[in-house]
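Per our numbering, the sequence shown starts with residue 282, numbered consecutively.
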Amino acid sequence: MGDQTNATTRDRWGSKIAFIMAAVGFAVGFGNVWRFPSLAYEYGGGAFFIPYIMALLFIGIPLVTLKTGANKRSRGRLKGVGLGSVIAACWVLVTYYAPLIAWVINAFFDTFSNAAIWKNSTGSEAYDYFLDEIIGEKTLGPDFRPTRMVWANVGYIAVTWFVIWLCLAWGIETTGKVTYFTMGLPAILIFVFLGRAVSLPGSSDGINAYIG
282 MGDQTNATTR
292 DRWGSKIAFI
302 MAAVGFAVGF
312 GNVWRFPSLA
322 YEYGGGAFFI
332 PYIMALLFIG
342 IPLVTLKTGA
352 NKRSRGRLKG
362 VGLGSVIAAC
372 WVLVTYYAPL
382 IAWVINAFFD
392 TFSNAAIWKN
402 STGSEAYDYF
412 LDEIIGEKTL
422 GPDFRPTRMV
432 WANVGYIAVT
442 WFVIWLCLAW
452 GIETTGKVTY
462 FTMGLPAILI
472 FVFLGRAVSL
482 PGSSDGINAY
492 IG
């Protein structure tokens with residue numbers, strides 16, 4: 282009887298905060314950092330936040346709460362939905378986020394070995410360097426097909442997947458603890474970047490242009 286009970290025991294999150302951190306970490310991506318500010322500026326600056334916050338409060342959060350409650354209520358009866366979500370999430374992870382994180386790691390270490398390029402280049406030059414050297418677009422042939430492997434990115438993708446395995450190998454409770462770092466550190470860095478940005482010359486002009 283004891284063995285049967287242990288066999289049917291489900292892994293549980295260590296705390297509600299860990300679950301919330303994991304859910305937010307799954308929903309928030311790179312676009313929230315580098316794409317959302319430009320869209321907000323393009324569509325009205327500070328005024329854009331009024332419909333955004335209304336949609337968040339009256340649509341986004343209620344739907345997430347409803348989805349979570351429905352999943353918990355129907356546990357065991359909608360296994361196909363959960364399996365489909367896992368497959369979809371893994372597909373997105375395989376085709377998008379793992380290579381993207383590998384590029385970020387590659388660029389991070391490249392700033393140490395080629396600091397002059399990043400420091401002295403214009404935004405356009407740095408962008409072209411990122412595409413050609415980091416992503417490896419210079420390896421594309423005339424027909425835009427790759428002609429050789431970018432071994433640095435291959436290695437960093439392997440590192441990325443190894444880290445993902447480390448985060449998942451010991452169950453949900455350990456994964457929940459990892460989210461304190463994977464969600465906490467980016468949140469701290471955003472405020473660090475914000476503080477640095479507002480301390481630069483001309484920052485007041487940018488703020489006035491952004492919020493009107």
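Virtual Cβ for every residue (Gly too), placed ideally from N, Cα, C.
As assigned by DSSP and simplified to three states, the class of L337 | If DSSP states are grouped into helix, strand and coil, L337 belongs with the helices.
C-alpha distance - N489 paired with L475, whole-angstrom precision | Each residue's alpha carbon lies about 15 Å from the other.
Boundaries of the alpha helix (DSSP H) in which W451 is found, first to last residue | Looking at the DSSP string, W451 is not in any alpha helix (DSSP H), and its letter there is neither H nor E.
Measure the C-alpha to C-alpha separation of R477 and W446 and round it to an integer number of angstroms.
-> Taking the straight line joining both Cα atoms gives about 34 Å.
Work out the CA separation of R291 and E323 for me, nearest whole Å.
-> Roughly 47 Å separates the two Cα atoms.
Over the uninterrupted alpha helix (DSSP H) stretch that includes L237, give me the two end residues.
-> Look at the range of the chain in this structure, 282 to 493, and you will see that residue 237 is not part of it.
Should T552 and W384 be called a contact, given that it needs their Cβ atoms to be closer than 8 Å?
-> This structure gives no information on residue 552, because the portion of the chain shown stretches from 282 to 493.
Chain C within 8 Å of A388, Cβ atoms only = You won't find chain C in this structure, because it holds only one protein chain.
Cα separation between G350 and I298?
-> Each residue's alpha carbon lies about 16 Å from the other.
With DSSP collapsed to three states, give me the class of P467.
-> Helix at P467.
Which first and last residues belong to the alpha helix (DSSP H) in which P318 is found?
-> In this chain, the alpha helix (DSSP H) harbouring P318 covers F317 to E323.
R293 to S480 span [Cα, whole Å] | Those two C-alpha atoms are separated by around 44 Å.
When we look at the beta-carbon of I438 and count the other beta-carbons within 10 Å, is it buried (16 or more) or exposed?
-> Its Cβ being crowded by 16 or more others within 10 Å, I438 is buried.
Would you call N387 buried or exposed, if buried means 16 or more other Cβ atoms sit within 10 Å of its Cβ?
-> So N387 counts as buried.
For V305, does the count of other Cβ atoms within 10 angstroms reach 16, so buried, or fall short, so exposed?
-> Flag for V305 reads exposed.
Any idea what DSSP makes of P427, helix, strand or coil?
-> Here P427 sits in strand by DSSP.
P485 - containing alpha helix (DSSP H), residue span | The sequence shown places Ser at residue 485, rather than the Pro named in the question. Its alpha helix (DSSP H) spans residues S484 to I492.
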